[in-house]
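*Asks:*
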Amino acid sequence: MYVAVKGGEKAISAAHELLAKVRRGDTREAELSVKQVEQQLPLAVARVMTEGAVYDPELAALAIKQSAGDLVEAIFLLRAYKTTLNRFGICEPINTEAMQIERRISATYKDLPGGQVLGPTFDYTHRLLDFSLMAEGEFSDPSDEAENLTAVPESVSKVLEILEREKLMASEMDHQHQPTDITRDPITYPADRSARLQSLVQGDEGFLLALGYSTQRGYGRNHPFAGEIRIGEVEVSIVPEELGFEIEIGAVQVTECEMVNGFTRHRDGEVKFTRGYGVGFGQCERKAMAMALVDRSLQAADYDEEVVSPAQQEEFVLSHCDNVEAAGFVSHLKLPHYVDFQSELELLRRIRAAEQSDSAKETN
Amino acid sequence: MNREPILQVDNLTKLYAAGKGCEEVSFDLYPGEVLGIVGESGSGKSTLLSCLSARLAPDQGDIHYLTRAAEWVNLYGLSESRQRQLQRTEWGIVHQHPRDGLRMGVSAGANIGERLMATGQRHYGNLRDTAQSWMSDVELDIARIDDKPTTYSGGMQQRLQIARNLVTHPRLVFMDEPTGGLDVSVQARLLDLLRQLVTEMNLAVVIVTHDLAVARLLAQRLIVMRHGRVVETGLTDQVLDDPQHAYTQLLVSSVLTS
Amino acid sequence: MNPQTIREGYNFAYLDEQTKRMIRRALLKAVAIPGYQVPFGGREMPMPYGWGTGGMQVTAAVIGQTDCLKVIDQGADDTTNAVSIRAFFRDLTGVKTTERTEEATLIQTRHRIPEKPLQAGQVLVYQVPIPEPLRFIEPSEVETRKMHALEDYGVMHIKLYEDIAQFGHIATAYAYPVLVNGRYVMDPSPIPKFDNPKMDNSPALQLFGAGREKRIYAIPPYTDVKSLDFEDHPFEVQKWEQCCAICGSAESFLDEVIMDDQGTHEFICSDTDYCRERMENLEVTV
């Protein structure tokens, strides 16, 4: 059947109007402002910024509003927007050791310099629906005690570095190479670590969570301990060529997870722990932990581990972790495939007709 | 032969579809005897081997085995637990692809020691000594006892698989194309080794192969299979030098492709 | 015990009575077959999976109004997760809670067995993340159940063999597998192997709950529990050169605490109740 182009255009624009209506909901209710999304759904904003690979809470909030709360769609919007931006420089590596800590925990030591700082977390809440939130009530600021409990020193040293100093932990080496930029050079396999980590940061949280979980259940086990998780603001600086020195251009909130993983004999002959790394924008602890688990499982080859499980297979993980790619390709099945399907129909009919005439002959 | 057989196969049938599988196979196997099963791929030899080694229940027919304790057992009348126990103590199974018969993720020493540990050996030092002695018996460098099979060549992996099977001194070994996929020179060395071990340990062996040269070198008696059925049996020299059945004649005269 | 103290709208100990009965049936089966993992219809709990939902369901199923509950995590009563679970049960049962091991009739634990020997009549409930001791050798449940059924346990020793070959020692320090009642290989949950000997012939009833994996298992009182090993590399527990920096104990399991950025560390008892009691006794003698 021939679909008239004009008719298609009308149908599309009608669909967009209907979508706008669904997004707006009941007009007797006040419209949600972008500012409200940004301020009151900060964890959704964080996920969209991380996987959308743009640090801009306002734009992320806009994307969430525009996508009617479909976060994968919002991530897509932000990525598409990112394409239009000029690149005016490359920042210096952020220094998470100098982070303004909002939350910092370690599961490997009961107490350590800087202490355990729970900060704002769902952990230890009982998951009972809080019906009081249904009423619009007055919000009271946290008590002084709560604020004091989260007060932390300026700079808190990192748990894995303490282990490194004791020579119990594999060191992360700066190989002094220019890191790969996966937005310019598509990943080739085997990928280097920088390409892998970039890809994982942008990777779908649900996919990485499932893979990370599968390693805990024996499919590529790597004996993880949450060595340290920290959340807070870090400075971002650049070195403009015309100046030749570093200037601070702002700050971003990040979540970082460093996993301590099972020990093994390293190439240098020493027995040490191994490690996995996860990071993302805003408060995104589940994502950072899942990423760290998968980063470690993808190091299988470095430690001569048998690659038998999905989470250890670099090509499988990296080529399927991007939800913009995945959602696009799955959804493309909705596009017309009339021609291909017609060819299949014709073939199947021909095969069945031939078989029917054969069996008719046999029964005769 | 006036001795009692070790394995009696009676009218064994396992069909996936008409002509696919094996059908009405009967034979006796005697202690220390090497029986070759030859035929083209698809002739049902591997299906037969799986049935014989208690890894695939037949549709019909019986297999009786005389245990080390001189007790006749009906293989498929045994519990799965007894079947596994036989497989890891009195029997050996050598797969064509070492990957199917080895634990690729653990060292050569652990591969050899596994059956011993499964049967209750709990002395690390003894396990290591046994593993080393078997490695030298199958001409593997004992310095590589802690290396994983992944670092071994194909021929070395196959020798490791053989050591892993023979460590419990089995009485009956099933081999599926044990030299398939190896270079000709490596094949020859492996065949030499197998022949020597079979004689020294007085093993009864059922070996499946499409390679008549392998059959001639190792087997005393042959079963020729085609389309799941036995078309000819007899002493190896007799079958290969004076084939009676037309199919056997064709096999002997042609260069077979597997 | 005062019903008014139970949070409104909820049953005693959160779960409905039918669910508790179902869990108790699974527990009875588990006690009858020591070390065997009994599947049960695990429920969603108001805590995330992996945070003790299995232990909580077992506790909820066996707790009664006259019980006295102790909850520990890493041996300590004051760790956040222990505090949270204790508060939950206080809220939803109103039973008495305690930090004293000898006072408790019911102890829910994550990763430790108290230092003070348990008594007949006490029940220890373990939170279990991965109940299957063979899981890390064979990920498939179909296979592992078959291995248990056929007592096909050779692979367990392969792991121990590999450890010795590579490191000269059995390199499993926690969740160290045990053979229960001469029949089932069991994961004791991630307790340090230091605690393994306490499971053997304990007068207390030991119950294990794995919520996410929906399995329950048990060690009845006075049951043989043997840690797997080799004759020439026998099972050994951890020892420290240091003593507890607070109470001076040389016998207890010690946690390492980092004092400064140079990594200077001290060791303190992981069992806070044990440490406190020793300090009290020391003060009395002084």
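Chains as they are written, first to last, in our numbering: chain E, 8 to 371; chain S, 65 to 322; chain P, 686 to 971.
Virtual Cβ for every residue (Gly too), placed ideally from N, Cα, C.
Source: prediction; values computed, not measured.
(1) How long is the line joining the alpha carbons of E/A299 and P/P882, rounded to whole angstroms?
(2) Within the 8 Å Cβ cut-off, does S/G169 reach chain E?
(3) Is S/H240 helix, strand or coil when you go by DSSP?
(4) Is the CB of P/E874 under 8 Å away from at least one CB in chain E?
(5) Just the C-alpha distance for P/G727 and E/G269, rounded to the nearest angstrom, thanks.
(6) Enumerate in chain order the residues of its own chain whose CB-to-CB distance from S/R67 is below 8 Å, with the five nearest sequence positions on each side excluded.
(7) DSSP state of E/Q43, grouped into three classes?
(8) Rounded to the nearest angstrom, what separates P/S769 and P/D762 at their Cα positions?
(9) Look up S/K212 in the DSSP assignment and say whether it is helix, strand or coil.
(10) For S/L120, which option in S/R228, S/L139 and S/D211 has the closest C-alpha, if you only look at C-alpha atoms?
(11) Where S/G108 and P/P824 are concerned, what is the direct C-alpha to C-alpha distance, given to the nearest angstrom?
(12) Considering only their Cβ atoms, is the gap separating E/K117 from P/V942 smaller than 8 Å?
(13) If contacts are defined as beta-carbon pairs under 8 Å, then E/S304 and E/N229 qualify, I think. What distance do you get, rounded to the angstrom?
(14) Helix, strand or coil, according to DSSP, for E/A233 in the structure here?
(15) For E/S244, list the residues DSSP reports as bridge partners.
(16) Quick one: which residues of the segment 840–860 of chain P get their C-beta closer than 9 Å to a C-beta of chain S? List them in chain order.
(17) Using a Cβ-Cβ cut-off of less than 8 Å, list which residues of the segment 145–166 of chain S approach chain P; keep chain order.
(18) Is the CB of P/Q891 under 8 Å away from at least one CB in chain E?
(19) Across which residues does DSSP place S/H274 in a beta bridge pair?
(20) What does the alpha-carbon distance come out to for the pair P/G694 and E/H327?
(21) Just reading off the beta strand (DSSP E) that P/Q812 is part of, what are its end residues?
(22) What in chain P is Cβ-close to S/E178, meaning under 9 Å?
(23) Which ranges does the beta strand (DSSP E) cover as unbroken runs of at least 3 residues, wholly within the segment 120–170 of chain S, from first to last along the chain?
(24) Report the three-state DSSP secondary structure of P/Q750 (helix, strand or coil).
(25) Thinking C-alpha only, which one of E/R282, E/I97, E/L135 and E/M56 is nearest E/F288?
(26) Got a sec, what are the start and stop residues for the alpha helix (DSSP H) P/H842 sits in?
(27) Would you kindly check if the distance between the Cβ of S/G85 and the Cβ of S/G292 is under 8 Å?
(28) Measure from the alpha carbon of E/I169 to the alpha carbon of each residue in P/R785, P/H950 and P/F774, then state which is nearest.
(29) Am I right that P/Y811 and P/H833 are in contact with their C-beta atoms under 8 Å? What's the rounded C-beta distance?
(30) Strictly under 8 Å for the Cβ-Cβ distance: is E/I236 near chain P by that measure?
(31) Using a Cβ-Cβ cut-off of 8 Å (strictly less than) and excluding sequence neighbours within five positions of E/G121, which residues of its own chain qualify?
(32) Beta carbon of P/R771, beta carbon of P/L754: below 8 Å?
(33) For chain P, find out if any of its Cβ atoms is closer than 8 Å to the Cβ of E/D311; answer yes or no.
(34) By a C-beta neighbour count over all protein chains shown, 10 Å radius and 16 as the cutoff for buried, is E/R356 buried or exposed?
(35) With distances taken Cα to Cα, identify the nearest neighbour of P/I822 among E/E240, E/F214, E/Q223 and E/T103.
(36) Among the candidates P/L809, P/Q923, P/T778 and P/F773, whose CA atom is the shortest distance from the CA of P/E788?
*Replies:* Working from what's here:
(1) Approximately 35 Å between the Cα atoms of the pair.
(2) Cβ-Cβ to chain E under 8 Å: yes for S/G169.
(3) In the sequence on display, residue 240 of chain S carries Asp and not His. Three-state result, S/D240: strand.
(4) Looking at the sequence itself, residue 874 of chain P is Ser, so the reference to Glu does not match. No - not a single Cβ of chain E is within 8 Å of the one on P/S874.
(5) So the alpha carbons of these two residues sit roughly 30 Å apart.
(6) The answer, listed in chain order, is Y94 and P95.
(7) E/Q43: helix per DSSP, three-state reduction.
(8) Rounded to whole angstroms, P/S769 to P/D762 spans 10 Å at the Cα level.
(9) Coil.
(10) In terms of Cα proximity to S/L120, the closest of S/R228, S/L139 and S/D211 is S/L139.
(11) So the alpha carbons of these two residues sit roughly 32 Å apart.
(12) A contact, by the Cβ cut-off of 8 Å.
(13) Your pair E/S304 and E/N229 checks out as a contact, with CB atoms roughly 6 Å apart and the cut at 8 Å.
(14) In this structure, E/A233 counts as strand in the three-state DSSP scheme.
(15) E/S244 pairs with E/E255.
(16) Within the segment 840–860 of chain P, the residues whose Cβ lies closer than 9 Å to some Cβ of chain S are V840, M841, H842, I843, K844, L845, Y846, E847, I849, A850 and Q851, listed in chain order.
(17) Of all residues in the segment 145–166 of chain S, S145, R148 and R152 have a Cβ within less than 8 Å of some Cβ in chain P.
(18) Chain E, which has no Cβ nearer than 8 Å to the Cβ of P/Q891, makes this no.
(19) Beta-bridge pairing links S/H274 to no other residue.
(20) The alpha-carbon atoms of P/G694 and E/H327 are separated by roughly 45 Å.
(21) Boundaries of the beta strand (DSSP E) around P/Q812: V808 to Q812.
(22) For S/E178, the chain P residues whose Cβ falls inside 9 Å of its Cβ are G839, V840, H842, I843 and Y846, in order along the chain.
(23) If we require 3 residues or more, the beta strand (DSSP E) runs fully inside the segment 120–170 of chain S come out as 124–130, 136–138 and 155–158.
(24) The answer is coil: DSSP assigns P/Q750 none of H, G, I, E or B.
(25) The residue with the shortest Cα to Cα distance from E/F288 is E/M56.
(26) Segment G839 to F852, the alpha helix (DSSP H) holding P/H842.
(27) Yes. Within cutoff.
(28) Residue P/H950 holds the alpha-carbon nearest to the alpha-carbon of E/I169 among P/R785, P/H950 and P/F774.
(29) Distance from P/Y811 to P/H833 at the Cβ level is roughly 19 Å; contact not present, criterion being Cβ atoms closer than 8 Å.
(30) The Cβ of E/I236 sits no closer than 8 Å to any Cβ of chain P.
(31) So the qualifying residues of the chain are I108, R111, V159, P160, V163 and S164.
(32) A Cβ-Cβ contact shorter than 8 Å links P/R771 with P/L754.
(33) E/D311 does not count as touching chain P.
(34) For E/R356, the number of other beta carbons within 10 angstroms of its own is below 16, and it is reported as exposed.
(35) Shortest Cα-Cα distance from P/I822 to any of E/E240, E/F214, E/Q223 and E/T103 involves E/Q223.
(36) Nearest C-alpha to P/E788 among P/L809, P/Q923, P/T778 and P/F773: P/L809.
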